[in-house]
Amino acid sequence: MRLSLTLVIGVLSLALLGCDATDADPLLPTRATLTLDEINRLNVNRQLVVNVQGDSDLRTPTNVSSDTLVLIRGRQYAGQIEFFNAEGDNITFALRDNADLVEVTYNARGVPPFSFVRTDSEDSYDADLDGIDLAVGLQFEIEVPFAFDRPLSSQGDLGIQVLEYAAQEKALAGEAILWSAFTVPLALSQPNAATEIERITGLRINLTNPSGGVTSGSYSNQQGLQNGAPAQPAIQLSNGTTYRADIELDGILQGEGREINLTGLIREEGIWYQAEYTGGSGLETSEITDLDRAGRPIGLSFTFSTRGGGNFSTSFPLRLRLYRYEALNGKDTGAEATRRVLVDLLIQLRT
């Protein structure tokens, strides 16, 4: 894909790189690389690498191409940008060593707004020479919202500029020279569940009272808790008490035979999951306290209260439902056709 590139280069650029105007510049950038790692709780390394390549340099608008940066809605990324010369040597050190004179800026256009935060500063490279620790931009974090009010797939571009300042001009927001400036095609993609669960085989519920005391119950079925589980003794509760409930789940992923803890996965990919539950006559209203990245309920953590006075014996059914992307809005609409029940379990409670 062709890129629009605008660049002004001056003596300051050559001085910053340690060259004079007559040198064959070994630090001339001919390629830039963006590397982004998804931030998640699953210890899964999902990495994006985007290359921007110029035939001779990154200082002219001709013969420059770039991969498309595809970001998934509802995800967070930690990234960095690096520059290379024609020999393939990494020359980013020239920018790090002169971080007090350098600023990298990013401007996304044509897509729903998202958070783009530069996470490094002059102090990160021991380059804070004037006591004012300003942003550099060789490292950054991105958080992409779902933005359901926008088309689920959208395209735009990410403008990137490397600005050079004269001594002390950066702190004064003075005039800068463009050492490099290019545009990366940008696309926001609809999310897909990264991992498919074959079946849930174990569930533990921990009920914590206001004093910190915990009462628990465990349920298992190797054939899957969608078929329920053998009855367990009732969990003993107190009257007139509010409990915080936390659910942990074990199960088997498709294509794998071993049982693993799936709680973190379900929380990480919560847009696909929702626990629904109803209580017997001995329970007051309950409230889900964990939300997915779109701000909708998951249901692995919730609170409920027992009624005050008297004793009761009641059933508290907990149903965990899996939503594929076709039913992403099914968490709001309750669409039956595209959901699969992973857990259908009766938990006995008693005071």
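Position in the sequence shown counted from 1, then plus 1372, gives you our numbering.
For every residue, glycine included, the Cβ atom is placed at its ideal position computed from N, Cα and C.
Could you check the C-alpha separation between residue i and residue j for me, to the nearest Å?
i: V1715; j: N1412; result: 25 Å
i: D1502; j: A1538; result: 13 Å
i: G1651; j: E1620; result: 19 Å
i: E1541; j: F1486; result: 29 Å
i: G1600; j: A1606; result: 15 Å
i: I1719; j: G1629; result: 27 Å
i: E1648; j: E1631; result: 24 Å
i: A1499; j: D1469; result: 7 Å
i: V1476; j: E1410; result: 21 Å
i: N1480; j: F1488; result: The amino acid occupying residue 1480 in the given sequence is Ala; Asn does not appear at that position. The straight-line gap from Cα to Cα measures roughly 9 Å.
i: F1512; j: S1493; result: 10 Å
i: G1546; j: E1536; result: 10 Å
i: T1550; j: S1428; result: The sequence shown places Leu at residue 1550, not Thr. Each residue's alpha carbon lies about 18 Å from the other.
i: I1577; j: R1711; result: 23 Å
i: G1451; j: A1458; result: 23 Å
i: F1554; j: A1548; result: 16 Å
i: Y1497; j: E1640; result: 33 Å
i: T1464; j: L1637; result: 36 Å
i: T1723; j: Y1478; result: 59 Å
Given a cut-off of 7 Å, decide if residue j and residue i are closer than it, judged by their beta-carbon atoms.
i: Y1449; j: I1532; result: no
i: V1556; j: L1441; result: yes
i: L1408; j: I1453; result: no
i: R1490; j: A1466; result: no
i: L1655; j: Y1615; result: no
i: D1664; j: I1643; result: yes
i: V1516; j: L1406; result: no
i: L1430; j: P1398; result: no
i: N1611; j: G1680; result: yes
i: L1560; j: L1721; result: no
If I measure Cβ to Cβ from residue i and keep anything under 6 Å in the same chain, skipping five residues before and after, which residues do I get?
i: N1626; result: As written in the sequence, residue 1626 is Gln, which differs from the Asn given in the question. Excluding sequence neighbours, Q1626 sits near E1568, E1570.
i: F1518; result: R1445, G1446, A1666
i: S1437; result: Q1425
i: F1456; result: R1403, N1462
i: L1420; result: L1408
i: D1439; result: V1422, N1423
i: R1418; result: E1410
So that I know if they touch, is there some Cβ in chain B lying closer than 7 Å to that of residue i?
i: Q1527; result: Looking for chain B here will not work: only one protein chain is present.
Excluding sequence positions up to five away, which residues of its chain have a Cβ less than 8 Å from the Cβ of residue i?
i: T1613; result: N1581, P1582, S1677, T1678
i: G1482; result: S1526, Q1527, G1528, D1529, L1558
i: I1572; result: G1596, L1597, Q1598, L1621, D1622, G1623, L1634, L1692, L1714, V1715
i: A1543; result: D1502, I1504, L1506
i: D1495; result: D1505
According to the neighbour-count rule (16 or more other Cβ atoms, all chains shown, within 10 Å of its Cβ), is residue i buried or exposed?
i: A1393; result: Confidence at A1393 is low in this model, with a pLDDT of 44, below 50, so the placement of that residue should be treated as unreliable; the coordinate-derived value is given next. Under this definition A1393 is an exposed residue.
i: R1374; result: Because R1374 carries a pLDDT of 25, less than 50, the predicted location of this residue cannot be relied on, and the following value inherits that uncertainty. It counts as exposed.
i: D1472; result: buried
i: N1435; result: exposed
i: A1396; result: Here A1396 scores only 47 on pLDDT, less than 50, and its place in the model is too uncertain to base an answer on.
i: G1671; result: buried
i: S1588; result: exposed
i: G1460; result: exposed
i: Q1646; result: buried
i: V1369; result: Any property of residue 1369 remains undetermined from this structure, which presents the chain solely from 1373 to 1723.
i: S1552; result: buried
i: G1584; result: exposed
i: A1603; result: exposed
Grab me the residues of residue i's own chain with a C-beta within less than 7 Å of its C-beta, minus the 5 sequence neighbours each way, in chain order.
i: F1674; result: A1617, S1658, E1659, I1660, T1661
For the ligand FAD, is there a heavy atom less than 6 Å away from the beta-carbon of residue i?
i: E1620; result: Among the components of this structure there are no ligands whatsoever, and the ligand FAD is therefore not found.
3 or more residues per run - each beta strand (DSSP E) lying fully within the stretch 1554 to 1583: Within the stretch 1554 to 1583, the complete beta strand (DSSP E) runs of at least 3 residues are 1569 to 1580.
Mind listing, in chain order, the continuous alpha helix (DSSP H) runs of no fewer than 4 residues lying wholly within the stretch 1423 to 1472? Runs of the alpha helix (DSSP H) spanning 4 or more residues and lying entirely within the stretch 1423 to 1472 occur at 1465 to 1469, in chain order.
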